[in-house]
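For the sequence shown, position 246 (counting from the first letter as 1) is numbered 246 according to UniProt numbering, and the numbering increases by one without interruption.
The beta carbon of each residue, even a glycine, is placed where N, CA and C say it ideally should be.
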Amino acid sequence: MSTSTQKSINEATPDSVSDIESEEILPPPVEVPMAREEGELEFARRMEARKERKHRQVTQIVVDSGQPPPSLANNTPAAEEEGPSMRSIVDAVVVPNIRDEAFKRRQFFRKTLYIVGLVGVLATVATVLVLKQSKRSSNAISKNLSPPSNFPSNFQSSSPTFSPTSSPLEKDEIACGTSVPGDTTDAEKTIVHSCDGISETESRGKRLHFKGNEKLVTLSTCNKFTKDDSSSYNTRIRVFQKHADAIEENCIVANDDNDKCGEWDKLSTVEFQTKQDVLYTVYVDGPRTTGGKFELDVTCVDAPSLRPSLQPSLQPSLQPSPEPKLILLPASSEIKCPNECNILKDECRAAGLALGGRLLDGGVVGIENMASSSHWGHVPPGCSIQKWGDIHWNTNTSGKNDGGYSPICY
1 MSTSTQKSIN EATPDSVSDI ESEEILPPPV EVPMAREEGE LEFARRMEAR KERKHRQVTQ
61 IVVDSGQPPP SLANNTPAAE EEGPSMRSIV DAVVVPNIRD EAFKRRQFFR KTLYIVGLVG
121 VLATVATVLV LKQSKRSSNA ISKNLSPPSN FPSNFQSSSP TFSPTSSPLE KDEIACGTSV
181 PGDTTDAEKT IVHSCDGISE TESRGKRLHF KGNEKLVTLS TCNKFTKDDS SSYNTRIRVF
241 QKHADAIEEN CIVANDDNDK CGEWDKLSTV EFQTKQDVLY TVYVDGPRTT GGKFELDVTC
301 VDAPSLRPSL QPSLQPSLQP SPEPKLILLP ASSEIKCPNE CNILKDECRA AGLALGGRLL
361 DGGVVGIENM ASSSHWGHVP PGCSIQKWGD IHWNTNTSGK NDGGYSPICY
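Take a look at the structure:
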């Protein structure tokens, strides 16, 4: 450098320094790195922590094996040149595996979310379709059930209102003044208990029911239909009363082969006094196993007066004389009928049936049924009903009630 040049530099230096000192010294600009998203920073921290754990695990494995790599045996530059360091091994092998595992987990999570979302969408669509179809069906039913436009608005249905039968007995109930046809050809065989001289049977029959009405009822198959040559059905009739507190049905009356039926005596007729609202079961069958056709006539009349009034009337009365009222006394040895109120012998059958008694083998014990003597010392005199229901007539006027019989009086 020439002397003139050096001189010019020296001369300029003080002024330049003063100029520099007079200026404000600013810090050098700092480069601000780009901010990472929080998710990336969190992921980077997790990756670094996982690399550190893997590094410690590999180091521990190498130490446990007793053969450390040269980089750990001595720290000379020559040793470092002999093989890779432990850190380079971890960076080359472990870190890629960790990254692959994290990627696979993210992919699995994304697929799971996709499948769950797809299932939810399909379920929602299916629900909407079902609701729409249900609404369409309801509208169609309402449209079909609604009356036409020209249907009168003040129309009232005259159809009767049906209610369920209160009892199964009403299904085959018979009524007074009717003729009920029947056919037992295809009927199932039924066991019917013995009654009034007819033994227990198992045959094809028809079971009917009658509700009592305080009338004298006659049931008969003695008619032209049953006697017709095309059927010629040999019938028999049995009537039972079912008590609410009894398991067995009580026999009321029965008949087989009524000889008063005219030209063919293989038909049957029964007569019995009914009680109000008491249910009676009527069995119609025959000894023939094939069954047959019949017609049952039901006739009802008012019960006749059992006897005239005790005292004659002094003059004709404007009103008919009331019928004498029957009384069934309690079963006690201390109670008996007054002499003037006793039931006569020919009245005992009707009186006993009217008060709920029954015939034993078709008759009153001591009158029609003479299986035993009619002269007892333990039975009250006259007409009575045994506690089992059998009607008795005792000719012994000195008989003492043992407490098992209820006398019948006026």
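Quick check on this structure: which residue in the options has the alpha carbon closest to the alpha carbon of residue i?
{"i": "residue 211", "options": "182, 251, 276", "result": "276"}
{"i": "residue 178", "options": "195, 217, 207, 202", "result": "217"}
{"i": "residue 248", "options": "44, 193, 383, 348", "result": "193"}
{"i": "residue 349", "options": "136, 369, 336, 127", "result": "369"}
{"i": "residue 199", "options": "344, 254, 59", "result": "254"}
{"i": "residue 302", "options": "172, 272, 48, 283", "result": "272"}
{"i": "residue 46", "options": "98, 284, 366", "result": "98"}
{"i": "residue 299", "options": "176, 60, 122, 188", "result": "176"}
{"i": "residue 346", "options": "366, 327, 332", "result": "366"}
{"i": "residue 258", "options": "283, 172, 219", "result": "219"}
{"i": "residue 252", "options": "235, 384, 283", "result": "283"}
{"i": "residue 172", "options": "297, 356, 203, 208", "result": "208"}
{"i": "residue 203", "options": "215, 190, 214, 125", "result": "190"}
{"i": "residue 174", "options": "297, 125, 106", "result": "297"}
{"i": "residue 101", "options": "56, 50, 383, 274", "result": "50"}
{"i": "residue 214", "options": "121, 41, 280", "result": "280"}
Check for me: the beta strand (DSSP E) holding residue i runs from which residue to which?
{"i": "residue 299", "result": "293 to 302"}
{"i": "residue 337", "result": "Neither: residue 337 is in no beta strand (DSSP E) and is coded neither H nor E."}
{"i": "residue 348", "result": "Where residue 348 is concerned, there is no enclosing beta strand (DSSP E), although the alpha helix (DSSP H) it sits in stretches over 348 to 354."}
{"i": "residue 190", "result": "189 to 192"}
{"i": "residue 226", "result": "Counting along the chain, residue 226 falls outside any beta strand (DSSP E), though it belongs to the alpha helix (DSSP H) covering 224 to 227."}
{"i": "residue 273", "result": "269 to 273"}
{"i": "residue 175", "result": "Element bounds for residue 175: n/a, residue is neither H nor E."}
{"i": "residue 250", "result": "249 to 256"}
{"i": "residue 285", "result": "279 to 285"}
{"i": "residue 386", "result": "382 to 386"}
{"i": "residue 239", "result": "236 to 242"}
{"i": "residue 394", "result": "391 to 394"}
Starting from residue i, trace the alpha helix (DSSP H) both ways and give me its first and last residue.
{"i": "residue 409", "result": "From DSSP, residue 409 is part of no alpha helix (DSSP H) but of the beta strand (DSSP E) over 405 to 409."}
{"i": "residue 216", "result": "Unbroken run through residue 216 is the beta strand (DSSP E), 215 to 220; no alpha helix (DSSP H)."}
{"i": "residue 207", "result": "Note, residue 207: premise wrong, no alpha helix (DSSP H); beta strand (DSSP E) at 201 to 211."}
On the CB-based measure, 16 or more other CB atoms within 10 Å of its CB, does residue i come out buried or exposed?
{"i": "residue 342", "result": "buried"}
{"i": "residue 39", "result": "exposed"}
{"i": "residue 394", "result": "buried"}
{"i": "residue 228", "result": "exposed"}
{"i": "residue 237", "result": "buried"}
{"i": "residue 117", "result": "exposed"}
{"i": "residue 114", "result": "exposed"}
{"i": "residue 188", "result": "exposed"}
{"i": "residue 354", "result": "buried"}
{"i": "residue 112", "result": "exposed"}
{"i": "residue 336", "result": "buried"}
{"i": "residue 205", "result": "buried"}
{"i": "residue 332", "result": "exposed"}
{"i": "residue 268", "result": "buried"}
{"i": "residue 289", "result": "exposed"}
{"i": "residue 128", "result": "exposed"}
{"i": "residue 134", "result": "exposed"}
{"i": "residue 151", "result": "Note on residue 151: pLDDT 47, under 50, position unreliable in the model; the coordinate value appears next. Residue 151 should be labelled exposed."}
{"i": "residue 401", "result": "buried"}
{"i": "residue 137", "result": "exposed"}
{"i": "residue 235", "result": "buried"}
{"i": "residue 270", "result": "buried"}
{"i": "residue 124", "result": "exposed"}
Among the residues of its own chain, which have a CB less than 8 Å from the CB of residue i, if the five just before and after it don't count?
{"i": "residue 250", "result": "240, 241, 242, 243, 358, 389"}
{"i": "residue 295", "result": "179, 180, 181, 182, 221, 223, 225, 226"}
{"i": "residue 330", "result": "406"}
For residue i, I'd like the list of residues in its chain whose CB is within less than 7 Å of its CB, leaving aside the five on either flank, ordered along the chain.
{"i": "residue 386", "result": "392, 404, 405"}
{"i": "residue 292", "result": "184, 185, 231, 233, 286"}
{"i": "residue 278", "result": "212, 241"}
{"i": "residue 326", "result": "351, 354, 355, 408, 410"}
Please go through the same chain and pick out, in chain order, the residues whose beta-carbon is closer than 6 Å to the beta-carbon of residue i, but skip the five residues on each side of it.
{"i": "residue 21", "result": "Note that residue 21 has pLDDT 48, beneath the 50 cutoff, so the model's placement of it is unreliable and the number below is only indicative. If we look at residue 21 and ignore the five residues flanking it on each side, it has no Cβ neighbours."}
{"i": "residue 399", "result": "376, 377, 379, 380, 381"}
{"i": "residue 158", "result": "Summary for residue 158: the model assigns pLDDT 41, below 50, so the residue's position carries little reliability; its value from the coordinates is reported in the next sentence. So the list is empty, once near-sequence residues are dropped."}
{"i": "residue 197", "result": "361, 362"}
{"i": "residue 364", "result": "348, 349, 391, 393"}
{"i": "residue 397", "result": "381"}
{"i": "residue 43", "result": "none"}
Does the beta carbon of residue i fall short of 8 Å from some heavy atom of the ligand ATP?
{"i": "residue 206", "result": "As presented, the structure is devoid of all ligands, the ligand ATP included, so that no description of it is given."}
Next on the checklist: If contact is defined by three or more beta carbon pairs under 8 Å, each pair taking one atom from either stretch, is the region 257 to 269 in contact with the region 177 to 188?
Outcome noted: no
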